[in-house]
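J.: Chains as they are written, first to last, in my numbering: chain A, 1002 to 1245; chain B, 165 to 551.
Before we start, here is the structure in question, set down as structure tokens.
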């Protein structure tokens, strides 16, 4: 076993290290580097993929519940709107800003922003209703400068640029892996037509076979968006999501 | 029996007869041409003229305004701000800024002291109440008394309140009193952290006091006098300042001063991370404010002595037009600037060094510094023989 001891320095080394420490300090007093952002007066420019406050576009929502299902913190609850459709509400007291919901949204209804400084007075306020998610929150902007961190050969330094960083980014919705619903066990189908009712895009249709007095379900792979609603609702659990 | 009424009558008579003392006052009054006209005007007003004459009387002016109590108070307001700003620069931070941002947060300490004034002073049940409250105030005694012997002038322009053959010895004696007050603070706090801090303070006191005295002794031997007027007169220009003639004594004195004021490489008694401000842990409100500035007061006195012993006190190049206008004040200002530079170096060691352990601190005090001090004394004797 090797024992680690204190390093041994002779007087010359000690003097050298003392002088180098003191001269470094003196140099920094005269010409300091700086890595502190003066936050309300200037903001750091975050990348466009920053995981911040989430906005919601009801036009694109197909009420597929994917965001609510995938949320690891159980922060997204679906609430019924007057139009009998279900829309997400987001509890920022629980949200861990993983943005799985944004990634899983098949219609691109959830949109990430760079807003990361929202204050609430009470815990109840943190439950953001659907109507509040449509518009970005009111922000008092004091910043006139935005800051980038630049790593050059020696040190990290700040680069300040005049102007305001746009906090709401236009980012293309996540494509994800194109999925399609498929029936894996046609013989077990009881033709309850739940899948047809639940499908938003009209991809499921029923064909009545008059001769044998049965109803056959058919899924149009072209129309299917792969939202997975029918998979969840199928009473026999014979539908699966497969890759297109 | 002493006739008290007669004594009082005599005092009143002397008060009334002050105009007879004018020649004496005018001989002692600082010859500052800039405010000369204002002084002449104010001296025309009956009561204020006595006050003005009293304040501008040389010993009182030095003791009260520069480099005495007034400068000390200004330093206490400015120095912690400067310290935090400069250490912030070293550590790539910004330092205090939010209070008066246009002046870079320069009134931070004023705001802090206002807050201290408004806070409640909590005296816990176990504390020894009288000493607990008195010591932070009484600490001003050993801080201000050494300033009685300080010489802030230069050759031919002595600015010293009391001239004494034993000035340096008296200063050492008064400075040696300061740790007693800190020990008293820690003892009356009656707290385990305060107790540990107090014991550490006592240990460090033994570690630095002897090298400190020896460093001053080396300079006394070098100058051949312990009169502060003689000490300053010996340093005529920069090439025979004490720091050039005997750098080892200067180094020993500086390190001892850092130890004495518990600045960071030797912040052993206070040790924020483990003892949470050591002897001063129980203080709150304005009493904490006073306890907080105790170390800065001591630092100021020690830096002033270092300026006097090693940096030629108020000596410096005369600037045309400015020097004749300011008169004696010019040298006093030079003195304060030199003191401030030493203070800043002492204070900013915080941004460079981590803290030594108690045993390391003791070893440095009794080992390296004592050796350095003795070498400095030997060097002074050699120089005294050669010169």
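Don't be surprised by glycine CBs; every beta carbon is placed ideally from N, CA and C.
Once the 5 residues before and after residue 1087 of chain A are set aside, which same chain residues still bring their CB inside 6 Å of it?
T.: Closer than 6 Å at the Cβ level, and outside the excluded window around residue 1087 of chain A, lie 1064, 1079, 1081.
J.: Given a limit of 8 Å on CB to CB distance, which residues of the region 1031 to 1057 of chain A reach chain B?
T.: So the close ones are 1033, 1034, 1035, 1036, 1037, 1039.
J.: How should residue 545 of chain B be labelled, buried or exposed, when 16 other C-beta atoms within 10 angstroms of its C-beta is the threshold for buried?
T.: Exposed is the call here.
J.: Of all the residues that make up the region 501 to 513 of chain B, which are near chain A by a beta-carbon distance shorter than 7 Å?
T.: So the list reads 512, given in the order they occur along the chain.
J.: When you compare each of B:475, B:494, B:391 to residue 483 of chain B by their alpha carbons, which one comes out closest?
T.: Among B:475, B:494, B:391, the Cα nearest to that of residue 483 of chain B belongs to B:494.
J.: Using the three-state DSSP reduction, which class does residue 1003 of chain A fall into: helix, strand or coil?
T.: Note: residue 1003 of chain A maps to coil in three-state DSSP.
J.: Give the DSSP-derived three-state secondary structure of residue 282 of chain B in the structure shown.
T.: If DSSP states are grouped into helix, strand and coil, residue 282 of chain B belongs with the helices.
J.: List, in order along the chain, the chain B residues whose C-beta lies closer than 7 Å to that of residue 1029 of chain A?
T.: Under the 7 Å cutoff, chain B gives 253, 254.
J.: With distances taken between CB atoms, is the gap from residue 343 of chain B to residue 303 of chain B smaller than 8 Å?
T.: Result no, Cβ atoms of residue 343 of chain B and residue 303 of chain B do not sit closer than 8 Å.
J.: Just verifying my parser: in three-state terms, what is the DSSP assignment at residue 547 of chain B?
T.: Residue 547 of chain B falls in the helix class under three-state DSSP.
J.: Would you tell me roughly how many angstroms separate the C-alpha atoms of residue 173 of chain B and residue 347 of chain B, rounded to the nearest one?
T.: With a pLDDT of only 41 at residue 173 of chain B, under 50, the local geometry of the prediction cannot be trusted, and no value is derived from it.
J.: Quick one: measure Cβ to Cβ for residue 1130 of chain A and residue 1090 of chain A, integer angstroms, because I've assumed they're closer than 8 Å.
T.: Confirmed, Cβ separation roughly 5 Å.
J.: When you compare only the Cα positions, how much space is there between residue 1043 of chain A and residue 1166 of chain A?
T.: Answer to the nearest angstrom: the Cα atoms are 10 Å apart.
J.: Using CA coordinates, which residue listed in A:1186, A:1041, A:1149 is at the minimum distance from residue 1048 of chain A?
T.: Ranking A:1186, A:1041, A:1149 by Cα distance to residue 1048 of chain A puts A:1149 first.
J.: In angstroms, rounded to a whole number, what distance separates the CA positions of residue 184 of chain B and residue 547 of chain B?
T.: Any reading at residue 184 of chain B must be qualified, since the residue scores a pLDDT of 36, below 50, and its modelled position is unreliable; no value is offered.
J.: Measuring straight from C-alpha to C-alpha, what distance separates residue 1118 of chain A and residue 1242 of chain A?
T.: Those two C-alpha atoms are separated by around 38 Å.
J.: So, helix, strand or coil for residue 1210 of chain A, using DSSP?
T.: Reduced to three states, the DSSP call for residue 1210 of chain A is strand.
J.: Please classify residue 1050 of chain A: is it buried, with 16 or more other beta-carbons within 10 angstroms of its beta-carbon, or exposed?
T.: Per the 10 Å Cβ criterion, exposed.
J.: Name the chain A residues whose beta carbon is nearer than 7 Å to that of residue 516 of chain B?
T.: 1022, 1023, 1026, listed in chain order.
J.: Hey, would you say residue 426 of chain B sits closer than 8 Å to residue 433 of chain B, going by beta carbons?
T.: In contact: residue 426 of chain B and residue 433 of chain B (Cβ atoms closer than 8 Å).
J.: Excluding the 5 residues preceding and the 5 following residue 362 of chain B in the sequence, name in chain order all residues of the same chain whose CB lies nearer than 7 Å to its CB.
T.: If we look at residue 362 of chain B and ignore the five residues flanking it on each side, its Cβ neighbours are 347, 350, 351, 443.
J.: Return the residue from the list B:250, B:531, B:300 that minimises the CA-CA distance to residue 1032 of chain A.
T.: If we check each option's Cα against that of residue 1032 of chain A, B:250 comes out closest.
J.: Taking three-plus beta-carbon pairs below 8 Å as touching, is the region 380 to 397 of chain B in contact with the region 451 to 458 of chain B?
T.: Result no; under three Cβ-Cβ pairs closer than 8 Å.
J.: Anyone know if the C-beta pair for residue 376 of chain B and residue 420 of chain B falls short of 8 Å?
T.: Result yes, Cβ atoms of residue 376 of chain B and residue 420 of chain B sit closer than 8 Å.
J.: List the residues of chain A whose Cβ lies closer than 7 Å to the Cβ of residue 250 of chain B, in chain order.
T.: By Cβ distance, chain A contributes 1030.
J.: Are at least three pairs of beta-carbons, each pair with one atom in the region 1107 to 1121 of chain A and one in the region 1145 to 1159 of chain A, less than 8 Å apart?
T.: Counting Cβ pairs under 8 Å, fewer than three are found: no touch.
J.: So with CB distances below 9 Å, who are the chain A contacts of residue 598 of chain B?
T.: As shown, chain B starts at 165 and ends at 551. That puts residue 598 of chain B outside it, with no answer to give.
J.: Do you know how far the Cα of residue 357 of chain B is from the Cα of residue 1025 of chain A?
T.: One C-alpha to the other measures close to 35 Å.
J.: Expressed to the nearest angstrom, what Euclidean distance is found between the alpha-carbon atoms of residue 1228 of chain A and residue 1061 of chain A?
T.: Straight-line Cα distance between these residues: approximately 13 Å.
J.: Return the CA-CA distance between residue 189 of chain B and residue 321 of chain B, expressed in angstroms with no decimal places.
T.: At residue 189 of chain B the pLDDT is 47, less than 50, meaning the model places this residue with poor confidence and gives no usable figure here.
J.: Below 8 Å between beta carbons: does that hold for residue 477 of chain B and residue 396 of chain B?
T.: In this structure, residue 396 of chain B lies closer than 8 Å to residue 477 of chain B by Cβ.
J.: Can you find the residues in the same chain that come closer than 7 Å, C-beta to C-beta, to residue 530 of chain B, ignoring five residues on each side of it along the sequence?
T.: Counting only Cβ-Cβ distances below 7 Å, and skipping sequence neighbours, we find 371.
J.: Relative to the C-alpha of residue 1244 of chain A, which candidate in A:1236, A:1222, A:1195, A:1238 has its C-alpha closest?
T.: Taking only the C-alpha atoms, the option nearest residue 1244 of chain A is A:1222.
J.: List, in chain order, every chain A residue whose beta-carbon is nearer than 7 Å to that of residue 519 of chain B.
T.: The contacting residues do not exist; residue 519 of chain B stays about 14 Å from chain A at best.
J.: Apart from the five residues just before and just after residue 288 of chain B, which ones in its own chain have a Cβ nearer than 7 Å to its Cβ?
T.: Result list for residue 288 of chain B: 446, in chain order.
J.: For the alpha helix (DSSP H) holding residue 1231 of chain A, just list the boundary residues, first then last.
T.: Counting along the chain, the alpha helix (DSSP H) containing residue 1231 of chain A begins and ends at 1230 to 1234.
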